[in-house]
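Notes to accompany the following structure.
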Amino acid sequence: MYAKGEVRSIKGGPGGLVFTGDATGLVTVWKLAAGATSGAAMAE
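Residues 417 to 460, numbered by the working numbering, are exactly what the sequence shown covers, in order.
And the structure:
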């Protein structure tokens, strides 16, 4: 996971989507890779 500033919010969504918001105001949407069991398998 990459952020320009400190991640201040993480929310799970439908279909394996993960939303993060950082200190700069940037919101990023991530999707879990197929068969993911940890955060290390996430892709932007």
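For each residue, glycine too, the CB sits at the ideal point set by N, CA and C.
(1) Taking the C-alpha atoms as reference points, what is the distance between residue 433 and residue 425?
(2) So does residue 444 have its beta carbon nearer than 7 Å to some heavy atom of the ligand ADP?
(3) Whole angstroms is fine: what's the gap from residue 457's alpha carbon to residue 448's?
(4) Grab me the residues of residue 436's own chain with a C-beta within less than 6 Å of its C-beta, minus the 5 sequence neighbours each way, in chain order.
For this structure:
(1) The count along the sequence shown starts at 1 and reaches residue 433 at position 17. The count along the sequence shown starts at 1 and reaches residue 425 at position 9. One C-alpha to the other measures close to 14 Å.
(2) The ligand ADP is absent from the structure shown, which contains no ligand whatsoever.
(3) Stepping through the sequence shown from its first residue, residue 457 is reached at position 41. Stepping through the sequence shown from its first residue, residue 448 is reached at position 32. For residue 457, the pLDDT reaches just 48, beneath the cut-off of 50, and the residue's location in the model is therefore unreliable, although a value from the coordinates is still provided. Here the alpha carbons of residue 448 and residue 457 stand approximately 7 Å from one another.
(4) Your numbering for residue 436 matches position 20 in the sequence shown. Excluding five sequence positions before and after residue 436, the CB atoms of its chain that fall closer than 6 Å to its own CB belong to 423, 426 and 444, given in chain order.
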